[in-house]
Each structure stands twice: as structure tokens, then as C-alpha cells.
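Under our numbering, read the sequence shown as residues -5 to 518, first letter to last.
Before any comments, here is the structure.
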Amino acid sequence: MPRLTDDDIYYWKEGTHTHSYERLGAHPNQAGTWFTVWAPNADRVEVTGDFNDWRSGADVLSRREGGLWEGYIRGAKPGQKYKYHLKTSEEWVDRTDPYAFQMEAPAENTYQGLSAIIRDLDTYEWDDDVWMRQRHGPAGRNGPLSIYEVHLGSWRHEQHGESLSYREVAEPLADHVEELGFTHVEFLPLAEHPYYGSWGYQILGYYAPTFRYGNPQDLMYLIDYLHQRGIGVIMDWVPGHFATDPQGLTYFDGSHLFEYEDPLMRQHPDWGTRVFDFGKNGVRNFLLSNALFWFDKYHVDGLRVDAVASMLYRDYSREGDWSPNVHGGRENLEAISLLQETNEHVYREYPEAIMLAEESTTWSGVTTPTEHGGLGFLYKWNMGWMNDTLDYLSHEPVHRKYHHGDLTWTLSWAFSENYTLPLSHDEVVHGKRSLWGKMPGDNWQKAANLRLLYGHMFGHPGKKLLFMGGEFGQHHEWNHDQELAWRLTDHELHGGLMKWVRDLNELYTSHPALWNDDPDGFEW
-5 MPRLTDDDIY YWKEGTHTHS YERLGAHPNQ AGTWFTVWAP NADRVEVTGD FNDWRSGADV
55 LSRREGGLWE GYIRGAKPGQ KYKYHLKTSE EWVDRTDPYA FQMEAPAENT YQGLSAIIRD
115 LDTYEWDDDV WMRQRHGPAG RNGPLSIYEV HLGSWRHEQH GESLSYREVA EPLADHVEEL
175 GFTHVEFLPL AEHPYYGSWG YQILGYYAPT FRYGNPQDLM YLIDYLHQRG IGVIMDWVPG
235 HFATDPQGLT YFDGSHLFEY EDPLMRQHPD WGTRVFDFGK NGVRNFLLSN ALFWFDKYHV
295 DGLRVDAVAS MLYRDYSREG DWSPNVHGGR ENLEAISLLQ ETNEHVYREY PEAIMLAEES
355 TTWSGVTTPT EHGGLGFLYK WNMGWMNDTL DYLSHEPVHR KYHHGDLTWT LSWAFSENYT
415 LPLSHDEVVH GKRSLWGKMP GDNWQKAANL RLLYGHMFGH PGKKLLFMGG EFGQHHEWNH
475 DQELAWRLTD HELHGGLMKW VRDLNELYTS HPALWNDDPD GFEW
């Protein structure tokens, strides 16, 4: 008896199967495991794995409508590795399950490895009921929001230089965030990414937490623990582009299935990644479901959507070498509708969710509700505020009188969207220097200028975001291979700066005038 119902196939073909992860991928029961994959252009699909000694021909899936293949394999059980073995019009290929809930590490210096692992996600027993009930209250969306942005692998290392695991980092991270008074942690992407140096932004396994810090239940424990300590969790989500590793989504079934067929749209010029074809119903099912998946299975409180501008514009970074939309314009109509539908579905199921957009252009209506023609995000990163403020403070104090417009200008449009003020990881890499390094003067003056920067941020309209290391004034740029320079917190200037951040968070969270986004609360 097939597992896919007629309704499943109908919604899949319509591009509205918003919980497709409940059907696609590997789903174990007592006697075996169901496997389902989208591969419309494959001539034959097999599953090879630990359960059949990786033998081709041992377990063949049946073709269903909508380009889906499914089958049941007796004896396949959680913990076993597998891949799909597909016959295309050109060759046989091995592919990692796009809906894999867990993946193994890549093999050293090769493209091998990264097999999917059968995993039952419903075995974890959550203990965050109090948090989950409270976040449904009126303050869930309109209250104070002060975010501590974290790259998990470089926040803190254990004594032998290894990154802390999901479970190991839970208590010290919660202690630090609680002490400083941040309301939420935002993790740089934790979905599976083969290239560590991408910081998680070149994803291969959208449904699998990265192997580097543990298994899915370990990540659940981290989020559960933070919730029990009263700390919200936001995840970076990357729906615009994906990693090109050959065992992943690229040319999945012998065709450009997940990416654009149009060569002018297929490759992202900045990152060398592949761009999702947002107009394909199977891709929309995959991405819509993935957004809800992190809320459903991992209890996240919000998603920060990466590189939204690169999704909105068909000519983004393409310098004239691009394809217009059906109306001859530069807007990516399919991406726009996908973002709108994603926000609509998230807020329909999770009204208290926090959806943030990293959108770096002047696109209008990013935080306008979709019923009024907007994208429907709750907040947008205020990149203009960040650039103007950092530029102003980079000048010696004696010269700042010539640049006061940089500060006052930001207030003229502070309420045009619902903004978050980001001092993020992007501003402390690639030769931009750390926040400490951007400030003029000697060390005393740098510390004083950072105190001024943070005081200005907490007093300015908009929610707050600070990348790790900024709270104590790390000297050097962030390096994903090294832990933060925690030794600096023993110094008076740096320890004092951290206390200042703590005091600002306490002031901010306790005074509604500082976090209420009503423009009537501000006047010159």
C-alpha cells in the first residue's frame, strides 16, 4: 500500500504541499522505512545503503505522479546510512536525500561521504512547554527584541581547540546571554553545509542540522535548554541559493531540477552557488516546507532570511547579463510570491513567529502585510542605519560636526519599515575590521566610542542585534576558525564594555518607550 495519498500528490503538483517533509525523505517505522524522492526526469530510482550493503538493484522505488518515487524497505532502520541511486538519460548517479533529517560528514578532501542517515525526529522529549505557551502572548511580536548573533563553531572552544557541541554549548551560552540581558540568540545557519568556510550559507542539507556539533536531538536539546532559560532562538535561513557539491541538489536527476534551467539565472555571480528556480512547484514545496519544518520540529522562534535582495532582483550582481521577467522587468516575480507565501504560512501556523529579512536595497513594503502588497516580514535589517552610523563614528570626534547629517538622516525614515538595527557578522570580516578596530583613537577612546555606539543603538528606534565579540570589544576581525578572545574580558576596558551592554539591555527591556515601535513615541 503506497504511503503517498491522493491529497499528497495533488498538493505536491499544485506547489502547496507545505509539510512535504512529512512524506518525502526517509520515515522509519517498526519493520522498516518508507523512502520518497522527487526526481521527475530519472528513468529509475534505487536506494542503496547499510541495509542492503550498498548493492545496486536491491531496492527499487516505484514511480508516482508529480515526479515522485516511493518505496518501503524492510529492515532499514534509524542510524543507517543511505543514498539515492538514480539512472538518468546520461548515467547512473548517487545523490544525498534532499529531505534527509541527518547527514554524515564529508570524506576528507573528497566529494564522497555526506550520505543521508535515517532518523526519527519524534523521539526527543521537549521540556519547554512554559516558553511555548508564553510566546503566544501579546508581547511575542511587539515586545523588546535584543538579539545576540552567534556562529556556533567559533563562539567558544574546549581546551583542545575543538568547537563545543550542541549540548556542551547550551549552559555556557545561556549563562552569557542571560547575564547580558539579550532576549534572543540568532544562530548563523546550522543546516548541513560541506564547506565550513561558508559559515553555513552554502547549504546542501536543508533539513539536516550540521554534523559538526552533534545529531538532531542534540540541537533540539540546545534550543530546549535556551527556552527553559527564557531565551528565544532565531535561525538563519538561506532559501535563495544552495551549494554546488555534486552529491547534492545540483543537476539532481540529470536535469536542472532545483536550479534554473536558464543559464543566465542558474549561477549566483557573487558566491558561485546555484540559484533555486522559485517558479517550480517542487522547489516551492521544498522551501515552504523547510521554513515550517524548523518551527514544527525544532521549536525555533523565528527565521532571519538571508540575502533577500538577491532573490528579489533578476539582475542582482549580473551587470546586464540577465533575463527579464514575463513583463520585461527586473523583479523576480516567482521569488516575491514565494517569500510572501512563506510568511503567510508561517504566520498562519505560528502567529507569534519572528520573520526577519536581510534586505539591503530600498525595496518598498518588506514589512508591509501581504494583503496590502508587501512581502509580509515582521522586521527588516536597517542596513542604512548601520552604514551611516559606523561611518560617522569612524571619524575623529573633532571632525564629526561635519557629518551630523549621517545620524539625523536615519531618523527621517526610521518608521518607513519595522526595522532591526544590525551590528552583524558581515561588518567584522573581509578587511572591514572589528567594531573595536573601526573606532578612532587609542584603546581608551575606542572603548568610549563603542560605548557611544551601543548607547546610540539602544536609544534609536528599531530592534537590536549585536554579533558575538562585540559585547566586549574584540580587537581582531572575526575568524571562523578561532574562538573569541575571551581573555580580553579580564581587562577593565573590555569587562566594563560588557557591563555597559548588560545595563543597556536592562534599560531597554524595562522601558516600553525604547521598544514600542509606534512612531508617536518619537519626536525631535
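Cβ atoms here follow ideal geometry from the backbone N, Cα and C, with glycine treated the same way.
- By the Cβ neighbour-count rule, Leu282 is buried, with 16 or more other Cβ atoms within 10 Å of its own.
- Residue environment for Asp264: exposed (fewer than 16 other C-beta atoms within 10 angstroms of its C-beta).
- Within the DSSP secondary-structure output, Trp430 pairs in no beta bridge.
- Contact between the stretch 140 to 150 and the stretch 180 to 196 is established, with three or more Cβ pairs separated by less than 8 Å.
- It is roughly 29 Å from the alpha-carbon of Val294 to the alpha-carbon of Arg89.
- Between Val163 and the set Asp91, Met305, Leu213 and Tyr189, the nearest pair of CA atoms involves Leu213.
- Secondary-structure assignment with DSSP links His79 through a beta bridge to Glu40 and Asp88.
- The stretch 174 to 236 contains, as complete beta strand (DSSP E) runs of 3+ residues, the segments 178 to 181, 199 to 203 and 226 to 231 (chain order).
- Annotation: the stretch 434 to 510 contains the following complete segments of the beta strand (DSSP E) (minimum length 3 residues), in chain order: 457 to 461.
- Within the same chain, and ignoring the five residues on either side of Arg260 in sequence, the residues whose Cβ sits closer than 8 Å to its Cβ are His250, Glu253, Tyr254, Arg268 and Val269.
- When Cβ pairs closer than 8 Å are counted between the two stretches, the stretch 55 to 66 is seen not to touch the stretch 106 to 113, the count staying below three.
- Within its own chain, the residues whose Cβ lies closer than 8 Å to the Cβ of Trp288, once the five positions on either side in sequence are excluded, are Met229, Trp231, Val294 and Leu297, listed in chain order.
- DSSP lists Phe181 as the bridge partner or partners of Val144.
- Glu255 carries a coil assignment under DSSP once its states are collapsed to helix, strand and coil.
- Taken through DSSP and simplified to helix, strand or coil, Tyr396 comes out as helix.
- Here DSSP, grouped into helix, strand and coil, assigns Lys71 to coil.
- The DSSP-derived three-state label of Ser406 is coil.
- Per the C-alpha coordinates, the member of Asp475, Trp509, Leu487 and Leu508 positioned closest to Arg150 is Asp475.
- The criterion of a C-beta distance shorter than 8 Å is not satisfied by Val277 and Val227.
- If you look at Gly296, you'll find it in the beta strand (DSSP E) that goes Gly296 to Val299.
- The three-state secondary structure of Ile348, taken from DSSP, is strand.
- Listed in chain order, the beta strand (DSSP E) runs fully inside the stretch -4 to 39 are 19 to 22 and 26 to 32, counting runs of at least 3 residues.
- For Lys374, the uninterrupted beta strand (DSSP E) segment begins and ends at Tyr373 to Trp375.
- Rounded to whole angstroms, the gap between the alpha carbons of Leu243 and Phe236 is 8 Å.
- In this structure Gln241 is in contact with Leu108, their Cβ atoms being roughly 6 Å apart against a cut-off of 8 Å.
- The beta carbons of Phe205 and Ala99 sit about 5 Å from each other, so the pair counts as a contact at 8 Å.
- For Trp63, the secondary structure class from DSSP, reduced to helix, strand or coil, is strand.
- In this chain, Thr117 is not harboured by any beta strand (DSSP E), its DSSP state being neither H nor E.
- When secondary structure is reduced to three states using DSSP, Ala110 falls in the strand class.
- Beta-bridge pairing by DSSP links Tyr307 to Glu325.
- Comparing alpha-carbon positions, the option among Tyr5, Asp315, Leu286 and Met377 lying closest to Tyr341 turns out to be Leu286.
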